[in-house]
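The numbering used here puts the sequence shown at residues 88 to 295. Note that beta-carbon positions come from the ideal geometry of N, C-alpha and C, so glycine has one too.
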Amino acid sequence: THCTLKMQSPGIFVVGACFLSLSLFVDASSSPRLTLSTPSSSLRLGSYHIDPHSITVSGVSAGGYMAVQLHVAYSSMMRGAAITAGGPFYCANDNVAVALSSCMKDPALIVVSELVTVTHTTAAEGFIDALKNLADDRVYLFSGTKDSVVHPGVVQKLQEYYSHFVDDANILTKYDFPAEHAWITHNFGNACSFLGSPYMNNCDYDLG
88 THCTLKMQSP GIFVVGACFL SLSLFVDASS SPRLTLSTPS SSLRLGSYHI
138 DPHSITVSGV SAGGYMAVQL HVAYSSMMRG AAITAGGPFY CANDNVAVAL
188 SSCMKDPALI VVSELVTVTH TTAAEGFIDA LKNLADDRVY LFSGTKDSVV
238 HPGVVQKLQE YYSHFVDDAN ILTKYDFPAE HAWITHNFGN ACSFLGSPYM
288 NNCDYDLG
């Protein structure tokens, strides 16, 4: 799947294969309920007992960037994030040229200290949740050594960014696996080194 995403306040623009998922632990004994619905009542989904302290977000490429945005902006609702081929919060500075250069191909241009400052300012102004919520979250970061779309250094910049807010002991990374730009699976998809649709590669590795 290809997609183009643009977010504002804070904003980010990224292009690539987009996969985004939320992990919700269903607990029949908990009282909070989550109702998922569409504008059409005829397509309304059911209500489920959700443990509000077990929600995580994950994504690859554009979905990875979106997952970071969600994790940081709504940290009071999240317990962690798993990011493949994604970069720091507000990486693109709402600028398409930056998104297609620094945030994909030239991570040396990503100034993490500036993004950290923007994050603090955005939280102080009340546009995102309190950053203290991130401290005990768990973060998993993956980048394949053969990724030709998002430079592995971009994900390493994300690690540097997260280290300002998340306990280093809770950040797990995998940077030494010979995978292309894709959602990595244990037994489904294209060859591990293949670049192309549906951007799911069989690398005999359980990324989930």
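On the three-state DSSP scale, how would you describe residue i?
i	result
L282	coil
C272	Residue 272 is actually Thr in this sequence, not Cys. T272: strand per DSSP, three-state reduction.
E247	helix
V253	coil
L294	coil
S200	helix
K219	helix
Q208	Gln is not the amino acid found at residue 208; the sequence shown has Thr there. Correct three-state label for T208: helix.
G231	coil
V102	Its pLDDT being 35, under 50, V102 is placed unreliably by the model, and the measurement read from it follows with that caveat. Note: V102 maps to strand in three-state DSSP.
P175	coil
M153	helix
Mind checking who residue i pairs with in its DSSP beta bridge?
i	result
A168	V144, V226
H238	According to DSSP, H238 bridges with nothing at all.
I258	V226
M287	W270
N277	N288
Rounded to the nearest angstrom, what separates residue i and residue j at their Cα positions?
i	j	result
V241	E201	15 Å
S141	D223	13 Å
I215	Q156	10 Å
F281	K261	19 Å
S163	N220	6 Å
V183	V236	16 Å
S189	A179	8 Å
L294	L130	32 Å
I258	G276	28 Å
A160	V203	13 Å
G283	Y248	29 Å
Excluding sequence positions up to five away, which residues of its chain have a Cβ less than 7 Å from the Cβ of residue i?
i	result
K244	G174, P175, P194, I197, V199
A154	L107, V144, S145, G146, A168, I170, G173
M94	At M94, the pLDDT of 36 sits below 50, so the modelled position is not reliable; the number obtained from the coordinates is stated separately. Counting only Cβ-Cβ distances below 7 Å, and skipping sequence neighbours, we find Q156.
Tell me which residues share the same chain as residue i and place their Cβ nearer than 8 Å to its Cβ, disregarding the 5 neighbours each side in the sequence.
i	result
N274	N289, D291
If I measure Cβ to Cβ from residue i and keep anything under 6 Å in the same chain, skipping five residues before and after, which residues do I get?
i	result
H238	K192, P194
C279	A266, N288, C290
L218	A210, F252
T232	P265
Kindly say whether residue i, judged by its beta-carbon, lies nearer than 7 Å to any beta-carbon of chain C.
i	result
H207	Given the protein chain composition of this structure (a single chain), no chain C is represented.
Quiz item: Do three or more CB pairs link the region 199 to 219 to the region 260 to 277 at distances below 8 Å?
Solution: Between the region 199 to 219 and the region 260 to 277, the count of C-beta pairs closer than 8 Å stays below three; the two stretches do not touch.
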